[in-house]
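Below is one structure, written out as structure tokens, with a few remarks after it.
Residue numbers (my numbering): 675 to 1130.
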């Protein structure tokens, strides 16, 4: 079965173009500007439905035979008939429309009730809504609703050069900044027909693995914390904070903003090697310690299971997919393999599997970072940007990131990015039945998806 990566629309002077990206092909279909219709792919690829609902909200394209035609991006008071990605939309202020209730999916029956969680949550967390159908404590069904953090990134970048767009692109999703920057870098290299020296590629890959380590260490603390084991959060938070400070030492910013460029960079290999040695010792201790707490694994094991066939059907990626047995990783290339990369997989598909997978990926990242260390990388001057359509991929700490940029007269005509969270959020509800509502935070954190990357 071929894997769906992305589906999105582009508008031209005479027609719309629907681009469907598969793992083995790219399909394009033209639609008229007046009354555009397209058939859904969601009957065989359920995750296509969010792409298609977004196309309708953004461009007004009607999706035929879809099992869900509700708005996706547009909230309850967004005016009907306004499609902000159309080229003729230039408004900076939109008046609120009358409130139209959003009809959530629900399961009927005696004693069944609904529980709404969000979009405002306790603590410092991005907005997202989760609607549950419950029979007592047991979860019967869950629906995810997002796009409260919609910032119109795609529209915002139209008319900008690649270099003007970079400060925005690298801030779309903070815990994936390096992954976004690597996609941007690869598009610049394609558009200018430039080559990147080996040392520069290694330096950038080191930063990506450091970012992955930061995010995974954070999760390795928060997942046990959601099962009531706060000591793990305290220890792992110390490690993730030290890693983030190391990112600041290397790049000048705790999140690595501005790190991927074409300038000269120097790396103190001895200092970095010493840091990695200390981190490895701490990770070995953490693994030994956390593995010997039976009550914790009682909460992890068999909680929030995503079976392999469902992971395939919903085109999941990244940690979620690999924890369900799928061998999907954009780093599975000769370049990464030559520097110690080994794809990590688990088969359980539960919280336990996602936790173990992150721990294994941290250990593999340590191997790669040692191999990627270079004392310096040289300045590169990219050539002139050529108009065209360019694709790029990277493997963020969450999973496969896809980016597409079309350039016209040297500036961005259409920017599209599919964060891994956009795929995996749609599979979250499959992990809920058979669990109690108190386990929802634990299951959700074990996936640790990005709201900002999803919503754009």
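Ideal placement from N, C-alpha and C gives every residue a C-beta, glycine not left out.
This structure is a prediction, so every number in the text was calculated from the model and none was measured.
Spatial distance of residue i from residue j (CA atoms)
i: residue 965; j: residue 712; result: 51 Å
i: residue 730; j: residue 736; result: 6 Å
i: residue 1041; j: residue 992; result: 20 Å
i: residue 774; j: residue 714; result: 25 Å
i: residue 874; j: residue 728; result: 37 Å
i: residue 819; j: residue 795; result: 14 Å
i: residue 905; j: residue 770; result: 47 Å
i: residue 852; j: residue 810; result: 43 Å
i: residue 707; j: residue 801; result: 34 Å
i: residue 825; j: residue 1089; result: 14 Å
i: residue 884; j: residue 1064; result: 27 Å
i: residue 822; j: residue 945; result: 42 Å
i: residue 926; j: residue 696; result: 37 Å
i: residue 878; j: residue 872; result: 10 Å
i: residue 869; j: residue 968; result: 51 Å
i: residue 937; j: residue 856; result: 14 Å
i: residue 1104; j: residue 980; result: 6 Å
i: residue 1061; j: residue 1021; result: 44 Å
i: residue 772; j: residue 751; result: 6 Å
i: residue 797; j: residue 787; result: 26 Å
i: residue 1001; j: residue 782; result: 38 Å
i: residue 699; j: residue 1055; result: 32 Å
Opposing strand residues paired with residue i [DSSP bridges]
i: residue 1051; result: 939
i: residue 702; result: 693
i: residue 740; result: Per DSSP, none; premise fails for residue 740.
i: residue 631; result: What the structure shows of the chain is the stretch from 675 to 1130, and residue 631 is not part of that stretch, so it cannot be assessed.
DSSP state of residue i mapped onto helix, strand, coil
i: residue 817; result: strand
i: residue 911; result: helix
i: residue 1026; result: helix
i: residue 812; result: strand
i: residue 868; result: coil
i: residue 735; result: coil
i: residue 883; result: helix
i: residue 686; result: coil
i: residue 1035; result: helix
i: residue 681; result: strand
i: residue 1068; result: strand
i: residue 1057; result: coil
i: residue 1063; result: strand
i: residue 1015; result: coil
i: residue 675; result: coil
i: residue 1040; result: helix
i: residue 749; result: coil
i: residue 853; result: helix
i: residue 845; result: coil
Residue nearest to residue i in terms of C-alpha spacing, selected from the options
i: residue 784; options: 814, 868, 740, 1051; result: 814
i: residue 892; options: 881, 876, 911, 885; result: 911
i: residue 1013; options: 916, 1045, 747, 811; result: 1045
i: residue 1028; options: 890, 943, 818; result: 890
i: residue 1034; options: 1113, 866, 957; result: 957
i: residue 1032; options: 838, 872, 1072, 1082; result: 1072
i: residue 863; options: 680, 935, 831, 906; result: 935
i: residue 779; options: 868, 808, 1076, 768; result: 808
i: residue 718; options: 739, 859, 702; result: 739
i: residue 858; options: 842, 1095, 976; result: 842
i: residue 848; options: 776, 886, 902, 876; result: 886
i: residue 1116; options: 749, 932, 897; result: 897
i: residue 804; options: 1010, 1114, 722; result: 1114
i: residue 1107; options: 977, 1011, 994; result: 977
i: residue 902; options: 1101, 973, 837, 860; result: 973
i: residue 837; options: 1084, 1118, 1130; result: 1084
i: residue 1079; options: 705, 704, 860, 1023; result: 860
i: residue 1010; options: 990, 998, 1043, 1037; result: 1043
i: residue 913; options: 950, 720, 1008; result: 950
i: residue 721; options: 990, 880, 759; result: 990
i: residue 1030; options: 998, 1052, 1008; result: 998
is_contact[residue i, chain C] using C-beta, thresh 9 Å
i: residue 820; result: Structure shown: chain C not included; a single protein chain is present.
Kindly provide the ranges of any beta strand (DSSP E) runs that are 3 or more residues long and lie completely inside the region 966-1007, ordered along the chain. Segments of the beta strand (DSSP E) lying fully in the region 966-1007: there are none.
Quick check on the DSSP output: what are the complete beta strand (DSSP E) runs of length 3 or more inside the region 1070-1126, in order along the chain? 1074-1082, 1085-1092
Could you name each continuous alpha helix (DSSP H) segment of 4 residues or more that falls completely within the region 764-840, going from the start of the chain to the end? 827-830
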